[in-house]
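S.K.: I am attaching a structure below and will ask some questions about it afterwards.
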Amino acid sequence: MVKVDLSVDIAYARIIVSEAIRDKFNLLFKILIIMTFAIKYKPKSLKEFVNQKECLEKFLAWIKKWKPGSKALLFYGMPGVGKTALVEAFSAEKNFDLIEMNASDFRSASQIEDVLGRSVMQAPLFKKFKIFLIDEVDGIAGREDLGGVGAIIKIIKKSFFPIVLTCNNPYDPKLKSLRQYCDLVQFKKIHVWDIVKRLEYICRQEGIKAEKDLLKQIASRNEGDLRAAINDLETICRGKKEITEKDLEVLGQRERETSIFDALKMIFKTNSALAAKLSISGVDKDPDEIFWWIENNISKEYEKPEEIAKAFDALSKADLFRQRVSSRQNWKLKAYMIDLMTAGIATAKKEMYRKFTKYQYPEKLVILGKTKEIRAEEKRVFDALAKRLHCSTRKLRKEFLPFIKVIVKNKKMAQQLANSLNLSSEEMSIVKKY
Ligand SMILES: Nc1ncnc2c1ncn2[C@@H]1O[C@H](COP(=O)(O)OP(=O)(O)O)[C@@H](O)[C@H]1O
Ligand SMILES: [Mg+2]
3 MVKVDLSVDI AYARIIVSEA IRDKFNLLFK ILIIMTFAIK YKPKSLKEFV NQKECLEKFL
63 AWIKKWKPGS KALLFYGMPG VGKTALVEAF SAEKNFDLIE MNASDFRSAS QIEDVLGRSV
123 MQAPLFKKFK IFLIDEVDGI AGREDLGGVG AIIKIIKKSF FPIVLTCNNP YDPKLKSLRQ
183 YCDLVQFKKI HVWDIVKRLE YICRQEGIKA EKDLLKQIAS RNEGDLRAAI NDLETICRGK
243 KEITEKDLEV LGQRERETSI FDALKMIFKT NSALAAKLSI SGVDKDPDEI FWWIENNISK
303 EYEKPEEIAK AFDALSKADL FRQRVSSRQN WKLKAYMIDL MTAGIATAKK EMYRKFTKYQ
363 YPEKLVILGK TKEIRAEEKR VFDALAKRLH CSTRKLRKEF LPFIKVIVKN KKMAQQLANS
423 LNLSSEEMSI VKKY
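Straight run, no breaks: the sequence shown in the working numbering ends on number 436.
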C-alpha cells in the first residue's frame, strides 16, 4: 500500500498557489479570513512599520548585499514586535513574492526538503523576485529527533533567494549549528509611544474615540508587545465608538477569569517554559490547587512513558517545595514550586500532542471536598488534645494516637483515659474513628 502524506502535498500546494495564482485569490482570502485588528493592521508598507529602525536598516543592508551562498538572516526577540511583519511589509512594498511558512508545520526533515528544496532553486513565476520566511524556528528545534535544523541549513546553503528565519531565543543550544549560517538581528521591545501612535492610527481608521492616556495605559501594560496591545484595544472597543478608562476593567477581568482549562492547555501544549509559567498567572485559583489539577491530568495528555515519568519527576520536586513552603513558612520557595509544576511539566514532552484532551477535575480535590467537614472537626479535637498533652498536633498524630487507638479498644481503659485527658464523648468518638 502506498502511504500518501497529505500534509506535504498541502504545504507544497500552498507554494504552487502562492507562486502562480495567489494574487487572483487575494480578494477571496481577504473576504474569507475573519480579520482581527492585528491582521487587518499588519503594515502594508515599510512606512507603516513602526519603531525597530536599527533592525530595518540591517535587513535592508543584508538584502541589498545578498547573493546565493550568503548567510540567512535570523530575526529574534519577544513576540509581537514585528519580526514577521517586517518581511511581509517589505515584500508587499517591493512586490516580491513572499513564501512564508511556520517551522512547526513541518513534521520531518524530508518534508522540509520536499516543500522547500525545489522552490528555493526555482525562479518566481510571475513576480520579479522572491524571498522566503521560515517563521518560529524554535518550534522545529525542540524536536531533535527530526533533523529539522540540518534540513534548514541545507536549504539555506542551496537557496537562490534570501531566507529570513525568526525565533524567540537564538541561543537555545539546539539552534547552535543553525546560528553559523545566519546573521542575527535582535528585535527589542517597541517603545510605548510608538505603540500609542499605532493604536491612535487604528482608532482613527475604525472611527473610535479614545483618550491618549487610555491608549498609553494599554501600551504600558503590554510591555513592548504591539500585537498584544492591538488585541487589548480590540477587546475593549468591541461594539463601541468611544472608549474610556473604565473600559480597561474588562481587561483586568478577562485576565482574572482565565480558566484553569486554558492554563492546563497552555502548560501541556507549549514548548516554551516562559509561556507555561505565565499561564497560571490569570487563573483564579491557588497554586496549591492548580498543582492537583496538573497532577490529575498529566497522564491524560502525555502518552509516552518517558515523558510521563519526566513530568511526574518535575511534579514531585514541585511537591517538595510545596511542603517546604508550609513547613518553613518561607513563601519565596513558592516560586520554585510554580516553575517546576508549570515549566517543568511543559518541557517534559518532546513534541506537542496534536489532540483534544478533556481535562478533568482532580480526584484528590473531590476526596478532600467530601471529607472537609470531618477533617475540620478532627483538627479541632486534635488541636485541643495536643494542648492538654503539651505537644504539637503533629507529634500527637504520630506518637500518641497510635497508642490511644489501642487503649480505647478496652472499655475500662478507655474510660480511664477519657477521665485523665478530660475527653468528651464526642471527642472520644473522633479519636476512635481516626
Ligand atoms: N513594528 C511594527 N509595526 C507595525 N505593526 C506591528 C509591528 N510589530 C508588530 N505589529 C503588529 O503586530 C502584529 C504581530 O506582529 P508580528 O510581526 O507577527 O510579531 P512577531 O515579532 O511575533 O513576528 C502585526 O500583524 C502587526 O499588526
Ligand atoms: Mg511572527
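We put the beta carbon where it would ideally sit given N, CA and C, even for glycine.
For ligand 2, which residues have a Cβ under 6 Å from at least one heavy atom, in chain order?
M.R.: Every residue passing the under-6 Å Cβ criterion appears here: Lys-85, Thr-86, Asp-137, Thr-168.
S.K.: Would you say Phe-39 and Ile-232 are within 8 Å of each other, going by their C-beta atoms?
M.R.: Yes, the pair counts as a contact, with Cβ atoms nearer than the cut-off.
S.K.: Please state whether DSSP places Ala-105 in a helix, a strand or coil.
M.R.: Ala-105: helix per DSSP, three-state reduction.
S.K.: Quick check: the segment 182-190 against the segment 64-79, are at least 3 beta-carbon pairs closer than 8 Å?
M.R.: Verdict: yes, contact present.
S.K.: Could you tell me which of Gly-141, Ile-282, Ser-93, Arg-240 sits nearest to Ile-165, measuring between CA atoms?
M.R.: Taking only the C-alpha atoms, the option nearest Ile-165 is Ser-93.
S.K.: Keeping to the same chain, check which residues put their C-beta closer than 7 Å to that of Val-194; ignore five residues upstream and five downstream.
M.R.: Within the same chain, Val-194 has close Cβ partners Lys-218, Ala-221, Ser-222.
S.K.: Cα separation between Phe-162 and Ile-133?
M.R.: Answer to the nearest angstrom: the Cα atoms are 10 Å apart.
S.K.: Flag Val-139 as yes when its Cβ comes closer than 7 Å to any non-hydrogen atom of ligand 1, and as no otherwise.
M.R.: Every heavy atom of ligand 1 is 7 Å or more from the Cβ of Val-139, so no.
S.K.: Can you find a heavy atom of ligand 1 that lies under 7 Å from the Cβ of Val-252?
M.R.: Not under cutoff, so the answer is no.
S.K.: For Ser-179, which residues in the same chain have their Cβ closer than 7 Å to its Cβ, ignoring the five residues on either side in sequence?
M.R.: Contacts found: Val-151, Ile-155.
S.K.: Any idea if Ala-311 is buried or exposed, counting beta-carbon neighbours within 10 angstroms, 16 or more meaning buried?
M.R.: Looking at its Cβ environment, which holds fewer than 16 other Cβ atoms inside 10 Å, Ala-311 is exposed.
S.K.: Using only the heavy atoms of ligand 3, determine whether one of them is closer than 7 Å to the beta carbon of Lys-44.
M.R.: Judged by which ligands are present, ligand 3 is missing from the structure shown, whose ligands are ligand 1 and ligand 2.
S.K.: Do Leu-201 and Ile-245 count as a contact pair if the criterion is CB distance below 8 Å?
M.R.: No, they are not a contact pair.
S.K.: Can you grab the Cα-Cα spacing for the pair Asp-140 / Ala-277, in whole Å?
M.R.: For Asp-140 and Ala-277, the distance between alpha carbons rounds to 13 Å.
S.K.: Cα separation between Lys-351 and Thr-359?
M.R.: Spanning the two alpha carbons is a distance of roughly 15 Å.
S.K.: Using a Cβ-Cβ cutoff of less than 7 Å, which residues in the same chain neighbour Pro-1 once the five nearest sequence positions on both sides are dropped?
M.R.: The shown model of the chain, from 3 to 436, leaves out residue 1, and the question about it has no answer.
S.K.: Using a Cβ-Cβ cut-off of 6 Å (strictly less than) and excluding sequence neighbours within five positions of Gln-418, which residues of its own chain qualify?
M.R.: Excluding positions up to five away in sequence, the list is empty.
S.K.: Can you look up Tyr-78 in the DSSP assignment and give me helix, strand or coil?
M.R.: Tyr-78 falls in the strand class under three-state DSSP.
S.K.: Going by Cα to Cα distance, which pick from Met-103, Ile-204, Gly-79, Trp-294 is closest to Tyr-363?
M.R.: For the residues Met-103, Ile-204, Gly-79, Trp-294, the minimum Cα distance to Tyr-363 belongs to Trp-294.
S.K.: Buried or exposed: Ile-158, going by 16 or more other Cβ atoms within 10 Å of its Cβ?
M.R.: Buried: at least 16 other Cβ atoms inside 10 Å.
S.K.: Is it buried or exposed, Asn-28, if we count other Cβ atoms within 10 angstroms and call 16 or more buried?
M.R.: Low confidence applies here, because Asn-28 scores a pLDDT of 48, under 50, leaving its location unreliable; read the following figure in that light. Asn-28 comes out exposed.
S.K.: Between Pro-172, Glu-236, Lys-243, which lies nearest to Gln-188 when the distance is taken from Cα to Cα?
M.R.: It is Pro-172 whose Cα lies nearest to the Cα of Gln-188.
S.K.: Whole angstroms is fine: what's the gap from Ala-416's alpha carbon to Arg-324's?
M.R.: Spanning the two alpha carbons is a distance of roughly 38 Å.
S.K.: Give me the Cα-Cα distance between Ile-296 and Gly-209, rounded to the nearest whole angstrom.
M.R.: Their backbone Cα atoms lie some 45 Å apart in a straight line.
S.K.: Where does Leu-62 sit, in a helix, a strand or coil, going by DSSP?
M.R.: Note: Leu-62 maps to helix in three-state DSSP.
S.K.: For the 8 Å Cβ check, are there 3 or more pairs between the segment 261-280 and the segment 337-352?
M.R.: Because the criterion of three Cβ pairs below 8 Å is met, the segment 261-280 and the segment 337-352 touch.
S.K.: Suppose you measure from the CA of Tyr-338 to the CA of Val-83; what does that come to, to the nearest Å?
M.R.: Distance between the alpha carbons of Tyr-338 and Val-83 is about 30 Å.
S.K.: Sorry if obvious, but does the Cβ on Lys-189 come closer than 7 Å to a heavy atom of ligand 1?
M.R.: The question names Lys, but residue 189 is Phe in the sequence shown. True, at least one ligand heavy atom lies under 7 Å from that Cβ.
S.K.: For Asn-97, count the other beta carbons within 10 Å of its own beta carbon; 16 or more makes it buried, fewer makes it exposed. Which is it?
M.R.: It is exposed - the Cβ of Asn-97 has fewer than 16 other Cβ atoms within 10 Å.
S.K.: Could you check what DSSP says for Phe-134 in three-state terms: helix, strand or coil?
M.R.: Note: Phe-134 maps to strand in three-state DSSP.
S.K.: What whole-angstrom Cβ distance do Thr-168 and Phe-77 have, given they're in contact under 8 Å?
M.R.: About 5 Å separates the two Cβ atoms, so the contact holds.
S.K.: Could you tell me the distance, in whole angstroms, from the CA atom of Ile-204 to the CA atom of Tyr-43?
M.R.: Their Cα atoms are separated by approximately 7 Å.
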